[in-house]
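Chemist:
Protein chains in written order, with the UniProt record's numbering: chain F, 1 to 790; chain Y, 1 to 455.
1) Among Y/117, Y/129, Y/123 and Y/20, which residue has its Cα nearest to the Cα of residue 149 of chain Y?
2) Which of the three DSSP states, helix, strand or coil, is assigned to residue 453 of chain Y?
3) Would you say residue 91 of chain F and residue 98 of chain F are within 8 Å of each other, going by their C-beta atoms?
4) Can you tell me whether DSSP reads residue 101 of chain F as helix, strand or coil?
5) What are the boundary residues of the alpha helix (DSSP H) that includes residue 256 of chain F?
6) Mind pulling the chain Y residues with CB within less than 8 Å of residue 273 of chain F?
7) So, helix, strand or coil for residue 109 of chain Y, using DSSP?
8) Should the stretch 128-144 of chain F be called in touch with the stretch 166-182 of chain F, which here means at least 3 C-beta pairs below 8 Å?
9) Quick check on the burial criterion: 16 or more other C-beta atoms within 10 angstroms. Buried or exposed for residue 101 of chain Y?
10) Quick one, which residues of the UniProt repeat "WD" (116-158) of chain F are near chain Y if we go by CB-CB under 9 Å, in chain order?
11) Could you tell me which uninterrupted beta strand (DSSP E) segments, each at least 3 residues in length, are contained entirely in the stretch 247-300 of chain F, listed from first to last along the chain?
12) Under 8 Å, Cβ to Cβ, is there at least one residue of chain A near residue 349 of chain Y?
13) Quick check on DSSP: helix, strand or coil for residue 211 of chain Y?
14) Could you spell out where the beta strand (DSSP E) holding residue 782 of chain F opens and where it closes?
15) Under 8 Å, CB to CB, which of the residues in the stretch 48-66 of chain F have a partner in chain Y?
16) Would you identify the three-state DSSP class for residue 383 of chain Y, choosing helix, strand or coil?
17) Mind pulling the chain Y residues with CB within less than 7 Å of residue 95 of chain F?
18) If I follow the unbroken alpha helix (DSSP H) through residue 775 of chain F, where does it start and stop?
19) Residue 454 of chain Y versus chain F: which residues are under 7 Å apart at the beta carbon?
20) Where does the unbroken beta strand (DSSP E) through residue 134 of chain Y begin, and where does it stop?
21) Which two residues bound the contiguous alpha helix (DSSP H) that contains residue 328 of chain Y?
22) So is residue 448 of chain Y buried or exposed if we call it buried at 16+ other beta carbons inside 10 Å?
23) Rounding to the nearest angstrom, what Cα-Cα distance links residue 151 of chain Y and residue 70 of chain Y in this structure?
24) So with Cβ pairs under 8 Å, would you call residue 256 of chain F a contact of chain Y?
25) Between residue 413 of chain F and residue 689 of chain F, is the Cβ-Cβ spacing less than 8 Å?
26) Find the nearest neighbour of residue 227 of chain Y within the set Y/341, Y/327, Y/37 and Y/391, judged by alpha-carbon distance.
27) Measuring alpha carbon to alpha carbon, tell me which residue in F/296, F/429 and F/396 is nearest residue 849 of chain F.
28) State whether the stretch 298-311 of chain F contacts the stretch 32-45 of chain F, with contact taken as three or more CB pairs (one from each stretch) at a distance under 8 Å.
29) To the nearest whole angstrom, what separates the beta carbons of residue 635 of chain F and residue 676 of chain F, a pair I think is in contact under 8 Å?
30) For residue 54 of chain Y, which residues from the same chain have a beta carbon less than 7 Å from its beta carbon, with the 5 sequence-adjacent residues on both sides left out?
31) Would you mind telling me which residues of chain Y sit closer than 7 Å to residue 25 of chain F, beta carbon to beta carbon, in chain order?
32) Which residues in the same chain have their Cβ closer than 6 Å to the Cβ of residue 456 of chain Y, if we skip the five residues on either side of it in sequence?
33) What is the rounded straight-line gap between the Cα of residue 213 of chain F and the Cα of residue 268 of chain F?
34) Would you call residue 416 of chain F buried or exposed, if buried means 16 or more other Cβ atoms sit within 10 Å of its Cβ?
35) Hey, out of F/335, F/430, F/146 and F/327, whose CA is closest to residue 287 of chain F's CA?
36) With the cut-off set at 8 Å, would you say residue 271 of chain F and residue 301 of chain F are in Cβ contact?
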């Protein structure tokens, strides 16, 4: 009666007390089991078999069941189970295949009750019937499951798993006659205890052994299984076919699984290897464990919830020879440490971005979004009231949509195809590439090429004038055009992460990033002219009105104000490049300059006031006049390359690198170059520009890149007579000693390039076939096939 | 000459000509692209051959942490521990073919320190795997210039274990050197093949034995076979009613361990003290450039009285539960391949014994497997080692012990002297079992050490 009252209070939720604690055992534990009064736990292992009382502050050893001078193998336990109806009754499974029952009510020191020696191999699991006092089930390595009636001397029935080792057996809690068994080959079987001849149902649950299973304490049809394939799966057995309802992916093979009482979707797992922690999962949240217990220093071998109606106490035994009681409130919660943030591109360049709601709201509070192209959708899951994660992991999802036209990358493809990278003098290459870029409306790039040409090729007399002319033209309308191009073309793939930081319309921030050469100028202008107005812009002007302006009010901008020296320094090389372009006589320079300024003024209203850019130009004049050697610029060029690469225009970086070759290569470290090359090649291959990518690989000087061309260059051929692979040489078969590839024209063996018709499979030397097919359209072998050579 | 010195050529070839499957497998998985002698002998068991070749191909050619030439060099190092010139020659070729540096083949002094560091573990694994501790592992993975990453180490360990075991098979089945020494690169060992020497030395013996023992032999072995089958049957039935007590089982294991002590050492000593000596002398001079400490050999597990190493309890660290998970974690997919191979060899049966059909050979196969593990100090709680004594006759034990512990001493006489009524394919089957059991034992010890290092 007294016990009854204790249990009922336990149900009330207040009787079980305790703290997170552990005690040292003398030996590694293999399994643990709890008495139904929740006050005692039995620990069993190869050389330990003890009962501990669980007190408020500590574990107290109550009984050592390992008695006798010479411990027999019968005591080397693989598993132990305490009867849930009778607190005097225990059963153990021994590694030598013996099933032993223990009666704690026996007066003598040796509590051993019965010994069943029917299994031939290690018994992996024993299980009492949940309601029947005398029924015990065992599953063994020998592939048999046996059902014992404790009132009899031997087994009542034997169930055969068809020679596959049994890893776990569990009586269903709800269905009186049903039990589940799991097997080393990945199968799970359902048996009716009355029908030992064949199983009721069988299905493959895991790839590799299924180490454990557990019936849901409330949900009648739910069975959780854990396997070596690192998965925990929850099956619904009520349907005709077992249906997988949940799947949790863990990081190591799953040794034990136990449903958490009173929490419908929770289960605890521990692993067999490598990972020592115990996890409690919410099966609906299969990626992050709800709780984690990290006390053990070696693999956990047994877990048990202390009371079938109390979800907060978990007991565990481990190979590190400790017995632990874990309190749920002391568990570490990985969710707290996780970053609920994510970023993903859509198929058409859309971008979705999820972040903690608090973060997002804080940011949007600071900077109200313009919100024209941004469609923030607040992501709401239908939350279960029992969901433990509410608040912790809720996040806001924002989606940035693409402007329909800006998704196209055709400029990339065109550029890649039309650029000339080698085979001509540097000046010509630069000119050609500049022309290509200009035709595609990429004026900044065009400018860059032109400048490169000027820097690196000695100033030719003849071309100087025309060059000046073109450059003058380029710069006169180049800048404004560039702006529009940036808005249109560059927005999609480039610089997107940074774009996110600013909660502005995305394309706008891109313009800032992409042509910083110009914006930097404007920035400076801005600074000089507007000065203290900037903060005001932050508050007001940002929202509307300045939509098509070049500069943006972003945090960076705020900084530029204060350290005045930083920006000019940074801007200097770039500015220098732009303004420095026009070589030759000074009057031309002046001419070229004025349209430049006026042009940009006209197009972008707030662009550089005239006076400031004049001052810049005067600086560059001084530089220019001294006619510095190309070496002087190499640092600038390198910066420029890095700048392009940073913007995502790795194409430009690589192209320039190839065209300039030795001139700049030494200034950029190998790794960066390699990185650029690989990214560019990757991009090219995505656009199926195989030829270009191959050319790039060929022209690259980095060893790691050029060896890309050397990999998997072997073409395996089979002999045309005996159909065996020809291993040593390509033209003579080792087996039938015949020459396999004969030329249909000259009847000699082809040792080099071999071309053949896919229709009639005749062929020969490339040259011969080409020549032949010029004169005739029939196959040279005379088979009558009309071959085509394209 | 056929592929094996022990098995008459027609036995092997006969089986081979009909087998399309083997040819297919060779094309698919062989690294050299031709049917070598090992494959030819193994093709007596096509089912097994497939998983063997697949796993071997995987560890030599597929994705793995080690570069290809290193893999072959490790194979050479492993084979050198058993002076197996067959495997060494094979991998010298492959090593060069995959772009290895020829200089390395001059010996261990020429290889990078990193590879040289594998020596210790190679030595222990080959002869006394139970001595491997987590300190050995720590020493190798300790960060430094020449450190091994765990995946690399696991790959190396798998290769070492594989080639130690394969050396057992090569000697155990008397594999002949490959026929075409056309490529002579100076690094090939001059084929002074051990069993050739043995054969020469023992030809007389064999002649004599067959002359004198012929008539008796047949009668003997016939009754031998009957008796063996009888015992197997009895064991199966007995198990239900008669139960050996635990103490009895323990002592059985100890006894078996102890007995294995005398099994070979006595026998070899008596029969060929001479040839053994000669053998070692010739071979070591050639092979020793790949190994250090050539004197280190198998020492009986049971003998090491003072430093009482605990028996390896099979149930505490099994391949299925622990080994697999670790190996697969660090060197993905090899676990599945090895798992399949072990399973295959353990379950392979044709339900025949010599001329008898429809025999359940489970007990016999298990006895062989567990006996090998017993010699490496691995003990199964649920196995009655008394069975070993009843099922494995002394000459077979001699053979098993020689093949698994010092395969280089195997002679044709040993091969011939056990199970005289059995077919050659059955003896090859025995060899496969021995090889895999040995590989598993080595892997278990090495992986256990790695696990301990990790925890």
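All C-beta atoms in this analysis are idealised placements derived from N, C-alpha and C, irrespective of residue type, glycine included.
Modeler: Quick look at the numbers:
1) The residue from Y/117, Y/129, Y/123 and Y/20 with its alpha-carbon nearest to that of residue 149 of chain Y is Y/117.
2) The three-state secondary structure of residue 453 of chain Y, taken from DSSP, is helix.
3) Not a contact, by the Cβ cut-off of 8 Å.
4) Residue state, collapsed to three classes: strand.
5) That residue, residue 256 of chain F, is in no alpha helix (DSSP H); its beta strand (DSSP E) goes 254-259.
6) The contacting residues are 321, 322, 325, 326, 329 and 451.
7) Reduced to three states, the DSSP call for residue 109 of chain Y is helix.
8) Touching, yes.
9) Taking all protein chains in view, the Cβ of residue 101 of chain Y is surrounded by fewer than 16 other Cβ atoms within 10 Å, so the residue is classified as exposed.
10) Within the UniProt repeat "WD" (116-158) of chain F, 117, 118, 119, 120, 121, 122, 123, 140, 141 and 142 place their CB atoms closer than 9 Å to a CB of chain Y, listed in sequence order.
11) Taking only runs of at least 3 residues, the beta strand (DSSP E) segments lying wholly in the stretch 247-300 of chain F are 254-259, 266-271, 278-282 and 291-293.
12) In summary, chain A is missing from the structure at hand, where the protein chains are F and Y.
13) Its pLDDT being 37, under 50, residue 211 of chain Y is placed unreliably in this model, and the coordinates cannot settle the point.
14) Counted as a single uninterrupted DSSP element, the stretch harbouring residue 782 of chain F is not any beta strand (DSSP E), since DSSP gives it neither H nor E.
15) Taking 8 Å as the upper bound on Cβ-Cβ separation, chain Y lies near no residue of the stretch 48-66 of chain F.
16) Residue 383 of chain Y: coil per DSSP, three-state reduction.
17) Ordered by position in chain Y, the residues that pass the 7 Å Cβ test against residue 95 of chain F are 315, 381 and 382.
18) Residues 766-775.
19) Going along chain F in sequence order, the residues near residue 454 of chain Y (Cβ under 7 Å) are 274.
20) Taken as a continuous stretch (DSSP letters only), residue 134 of chain Y belongs to no beta strand (DSSP E), being part of the alpha helix (DSSP H) at 134-141.
21) 324-330 is the extent of the alpha helix (DSSP H) around residue 328 of chain Y.
22) Residue 448 of chain Y should be labelled buried.
23) Per the coordinates, the alpha-carbon of residue 151 of chain Y lies some 14 Å from the alpha-carbon of residue 70 of chain Y.
24) Interface criterion not met: the Cβ of residue 256 of chain F is under 8 Å from no Cβ in chain Y.
25) Going by C-beta atoms, residue 413 of chain F is nearer than 8 Å to residue 689 of chain F.
26) Out of Y/341, Y/327, Y/37 and Y/391, Y/391 has the C-alpha closest to the C-alpha of residue 227 of chain Y.
27) Nothing can be reported for residue 849 of chain F, as the shown portion of chain F is limited to 1 through 790.
28) Yes: the two stretches touch, three or more of their Cβ pairs being nearer than 8 Å.
29) Under the criterion of beta carbons closer than 8 Å, residue 635 of chain F and residue 676 of chain F do not qualify as touching, at roughly 18 Å.
30) Counting only Cβ-Cβ distances below 7 Å, and skipping sequence neighbours, we find 29 and 337.
31) Within 7 Å Cβ-Cβ: nothing; residue 25 of chain F doesn't reach chain Y, min ~16 Å.
32) No answer is possible for residue 456 of chain Y: the residues shown for chain Y start at 1 and end at 455.
33) Each residue's alpha carbon lies about 12 Å from the other.
34) Result: buried.
35) Closest option to residue 287 of chain F, Cα to Cα, is F/335.
36) Result no, Cβ atoms of residue 271 of chain F and residue 301 of chain F do not sit closer than 8 Å.
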